[in-house]
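Colleague: One structure coming up, written as structure tokens, with questions to follow.
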Amino acid sequence: MALRTLITRKTLTTAAPLASRGLHTFTLPDLPYDYGDLEPAISAEIMQLHHQKHHQAYITNYNKALEQLDAATAKGDASAVVKLQSAIKFNGGGHINHSIFWKNLAPPRVGGGAHPHDSLGWAIDNNFGSIEALIQKMSAEGAALQGSGWVWLGLDKEFKRLVVETTGNQDPLVTKGASLVPLLGIDVWEHAYYLQYKNVRPDYLKNIWKVINWKYASEVFEKEMA
Ligand SMILES: [Fe+2]
659 MALRTLITRK TLTTAAPLAS RGLHTFTLPD LPYDYGDLEP AISAEIMQLH
709 HQKHHQAYIT NYNKALEQLD AATAKGDASA VVKLQSAIKF NGGGHINHSI
759 FWKNLAPPRV GGGAHPHDSL GWAIDNNFGS IEALIQKMSA EGAALQGSGW
809 VWLGLDKEFK RLVVETTGNQ DPLVTKGASL VPLLGIDVWE HAYYLQYKNV
859 RPDYLKNIWK VINWKYASEV FEKEMA
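Here this note's numbering is used: the first residue of the sequence shown is 659, the next is one more, and so on.
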């Protein structure tokens, strides 16, 4: 890991929190790999901007909205509390989704792109026919999503089955159902691919599978099914 990158990340993650009256605020999580480690599937430039600028902006705005909510609640200002809901959903969702996304990726040298041959692999075969069929389905649904959003592989805990869903903007998977747990989420906002793939979202969705961390998805699946 490049020392300069590490220093930059540490500076960001140890920035003074905006906490007031014990309010819990959020800081940018470290990536478990270096920005250039996912090349050529995803460029270092995209990874750095996506992490340091985009994810950081969601966190900054989420913290700001939480502080405003805290103040509005203390004052009993019902109108202000309601007004803050969309900012909380959008920026809080952005923080939740990106925190999962970083863990959904891994460099090929540590297993990124390697398909699961475990209980998740078996469940994928059972639900979708094959891993190739699942990849094709998620890529097609991600490409077809209008505007910005996410395509997900989730576990429906109530029915113990895997589902593919899309969400718009920064809506987390749970907005599609209270029993849905995200195993794998792919960001299809332009900021996730435009610098490298321009407007060709399907090419991004073809290459991202080379760095998908199925091991993480398997760990979540096994924990939730236990
Ligand atoms: Fe993003």
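The beta carbon of each residue, even a glycine, is placed where N, CA and C say it ideally should be.
At a cut-off of 7 Å, would you count D728 as near ligand 1, judging by its Cβ distance to the nearest heavy atom?
Modeller: Incorrect: D728 has no Cβ contact closer than 7 Å to ligand 1.
Colleague: Return helix, strand or coil for T833, following the three-state DSSP convention.
Modeller: Helix at T833.
Colleague: Can we count W810 as close to ligand 1, meaning its CB is less than 7 Å from some heavy atom?
Modeller: Incorrect: W810 has no Cβ contact closer than 7 Å to ligand 1.
Colleague: Using the C-alpha atoms, what's the distance from G779 back to S876?
Modeller: The straight-line gap from Cα to Cα measures roughly 8 Å.
Colleague: Does the distance between the C-beta of D829 and the nearest non-hydrogen atom of ligand 1 fall short of 7 Å?
Modeller: Checking every heavy atom of ligand 1 against the Cβ of D829, none is found closer than 7 Å.
Colleague: Just to confirm the assignment: which complete alpha helix (DSSP H) runs, minimum length 4, are found wholly within the stretch 827-884?
Modeller: Correct list: 852-855, 859-865 and 872-883.
Colleague: Identify, in the order they occur along the chain, each residue of the same chain with its Cβ nearer than 7 Å to the Cβ of A674, setting aside the five sequence neighbours on each side.
Modeller: Here the model assigns A674 a pLDDT of 40, short of 50, so the residue's position is not dependable and the matter cannot be decided.
Colleague: Let me know the secondary structure DSSP gives G811 once reduced to three states.
Modeller: Looking at the sequence shown, residue 811 is not Gly but Leu. Of the three classes helix, strand and coil, the one that applies to L811 here is strand, per DSSP.
Colleague: If you drop the 5 nearest sequence neighbours on each side, which residues of the same chain put their C-beta closer than 6 Å to that of D776?
Modeller: The residues are S876.
Colleague: Can you tell me the Cα-Cα spacing of I870 and H849, whole angstroms?
Modeller: Cα-Cα distance, rounded: 18 Å.
Colleague: Starting from the C-beta of G771, find all residues in its chain whose C-beta is less than 7 Å away, skip the five residues before and the five after it, and write them out in chain order.
Modeller: Result list for G771: W867, K868, V869 and I870, in chain order.
Colleague: Which residues end up in the neighbourhood of ligand 1 when you take C-beta atoms closer than 6 Å to any of its heavy atoms?
Modeller: Answer in sequence order: H708, H712, H756, D845, W847, H849 and A850.
Colleague: Determine the burial state of M796: buried for a count of at least 16 other Cβ atoms within 10 Å of its Cβ, exposed for fewer.
Modeller: It counts as buried.
Colleague: Which one of N857, D829, L813 and T824 has the shortest CA to CA distance from S837?
Modeller: It is L813 whose Cα lies nearest to the Cα of S837.
Colleague: Compute the distance between the beta-carbons of G835 and G807, then report whether it is under 8 Å.
Modeller: Not closer than 8 Å, so no.
Colleague: For T824, which residues does DSSP report across the bridge?
Modeller: Paired residues: V809.
Colleague: For Q828 and I704, which I take to be in contact (beta-carbon distance under 8 Å), what is that distance rounded to the nearest angstrom?
Modeller: Q828 to I704, Cβ: 18 Å. No contact.
Colleague: Give me the residue from Q743, A884, L689 and I793 with the minimum Cα distance to P860.
Modeller: That would be I793, whose Cα lies nearest to the Cα of P860.
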